[in-house]
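Note that our numbering has the sequence shown beginning at 25, numbered continuously upward.
Note that CB positions come from ideal geometry on N, CA and C, so glycine has one too.
Below you'll find the structure, written out as structure tokens, and then a few comments.
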Amino acid sequence: HPLAKRTEVDLAELSSESFILFNKDFALNDRIISSCNDAGFHPHVISESSQWSFIEEMVASKLGISLLPESICRHLHDHVCAVKVVNPSINWHLAIIWGKNQYLSYAAKEWLHFTKEHFSKTALLD
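And the structure:
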């Protein structure tokens, strides 16, 4: 792909590309479409999936491009290339919420502990 050799790309430069996105059940789907609209175009979405590995394989097969979270891009194989999107960058913040003063099972408490520890190491969670 002509953009594969770049280190970063403006979002508007992707206006003529075919997009492969997470399906509409994912909040990231709406964020991407909204960001593209703000950049002056409506993305041509050719496929959607709930599986990032399937999205990766479609991109590797040259069916289109995808916008994936940076945390996923770190795990992509060599047959695809990640290029940072700028102007605008699409920020995506995750949060964990649970009911205040609600009972949490031991498994839930351990999962929260693990998640907080993991994301604090990757600087994605305050």
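Quick one: measure Cβ to Cβ for residue i and residue j, integer angstroms, because I've assumed they're closer than 8 Å.
{"i": "residue 114", "j": "residue 55", "result": "6 Å"}
{"i": "residue 43", "j": "residue 67", "result": "4 Å"}
{"i": "residue 5", "j": "residue 112", "result": "For the chain, the structure presents residues 25 to 150; residue 5 sits outside this window and is missing."}
{"i": "residue 38", "j": "residue 89", "result": "7 Å"}
{"i": "residue 74", "j": "residue 102", "result": "24 Å between Cβ atoms; not a contact."}
If you drop the 5 nearest sequence neighbours on each side, which residues of the same chain put their C-beta closer than 7 Å to that of residue i?
{"i": "residue 106", "result": "97, 100"}
The beta strand (DSSP E) that contains residue i, what's its start and end?
{"i": "residue 109", "result": "108–110"}
For residue i, collect the residues of the same chain with a Cβ closer than 8 Å to its Cβ; drop the 5 residues on either side in sequence, then sort them by chain order.
{"i": "residue 32", "result": "107, 108, 109, 110"}
{"i": "residue 64", "result": "36, 39"}
Determine, for residue i, whether the minimum Cβ-Cβ distance to residues of chain B falls below 8 Å.
{"i": "residue 57", "result": "Looking at the structure shown, chain B is missing, and only one protein chain is on hand."}
Just curious, the alpha helix (DSSP H) that residue i is in, first and last residue?
{"i": "residue 96", "result": "94–97"}
Runs of beta strand (DSSP E) wholly within the region 32–76 (minimum 3 residues, chain order): 32–34, 42–46, 68–73
Contact the region 78–94 vs the region 126–145: 3+ CB pairs below 8 Å: Flag = no, the region 78–94 and the region 126–145 do not touch.
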